[in-house]
Structure formats: structure tokens, C-alpha cells
Amino acid sequence: YQRRVRGTTFKRVIGDDTVQPEQVKRVLVCSGRHYYTLAKHRAELNDNSTAIIRIEEICPFPVAELQTQLNQYPNAEVVWAQEESRNGGAWSFVSTRVRNLLGIEMIYAGRRECAAAAVGIATIHAAEVKEILAVAFSHKA
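Mapped onto our numbering, the consecutive letters of the sequence shown carry residue numbers 316 to 456.
(1) Counting C-beta neighbours from all protein chains within 10 Å, is the total for A391 16 or more, i.e. buried, or is it exposed?
(2) So R369 and S346 are supposed to be a Cβ contact under 8 Å. How far apart are they, rounded?
(3) Should the segment 436-456 be regarded as contacting the segment 320-334, the criterion being three or more beta carbon pairs within less than 8 Å?
(4) Straight-line CA distance for G418 to K445?
(5) Which of the three DSSP states, helix, strand or coil, is assigned to Y388?
(6) Quick one: grab the DSSP three-state call for K326.
(7) State whether the segment 382-397 contacts the segment 409-425, with contact taken as three or more CB pairs (one from each stretch) at a distance under 8 Å.
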């Protein structure tokens, strides 16, 4: 068993090399497996105007790495997308650091505050996922 394949490195922030920076209107920043839901939805929409940046290590916060990625999209709005509820995911930790250290006010795309980790009803869960994706991929006029 090897922890890492020889010749590879861990990246604290993974940028998006599938889009042309000059075409990007919105940048989704996320962490964890939610990236795959976002990437799948972007492909279904055939959306070339949304970049997705993944933060793979939140603490210590990767200020320089995230700034480097965001600098590629100077005119894009920045959205934090998470599957968890607003009070259950990384939003409160990440948003304050992005605002205070990078001077960027992010838009939130995720579930509302909730005392439970999950709603427990499949139809409500599906509706929430649909709403998260709608907010994440809706561009300001």
C-alpha cells in the first residue's frame, strides 16, 4: 500500500483547466465530492462560462493558492457551493477568510440553516439539490 503515487503531489487548491478564462462569468468554489455534482451539471448545461475551483485543504487556509486561481477570472462573480446546510458545511469558515484576506464577497449556494444533517425525505432532498444547482449556475444579468 502506497499513500501517494510516485511523481504526484497533493494540491491544496485545484483550478479549472476545462474553461477559457476570458469566457468565465462565474467561478464556483467548493470542497469535497460536491465538485462532481457541479461538474456533471455544468456538462449537462454545456456551460463554458462557469469555472469550478476545488479547495482540497481548508485549514490552514490556502490564501495564496486560491488567489492565484481567482486572478484568472478578474471580472467573474465568485460563489461558494456546498451540499451541506449553511451552518453545517465550510461556508462560515471559508467565507470570512475569503472576505477578510482576499477582499471578495462570495455568493452562497447551498442548503439553508438546519438543525439536522439531512432532511431524510428523498423528494425534499432532490428539490434542495435542484435549488443549490440553480443558484450555483444562475448568472446575474
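Cβ atoms here follow ideal geometry from the backbone N, Cα and C, with glycine treated the same way. Remember, predicted model here, so these are calculated numbers, not experimental data.
This is what the structure gives:
(1) buried
(2) 7 Å
(3) no
(4) 30 Å
(5) coil
(6) coil
(7) yes
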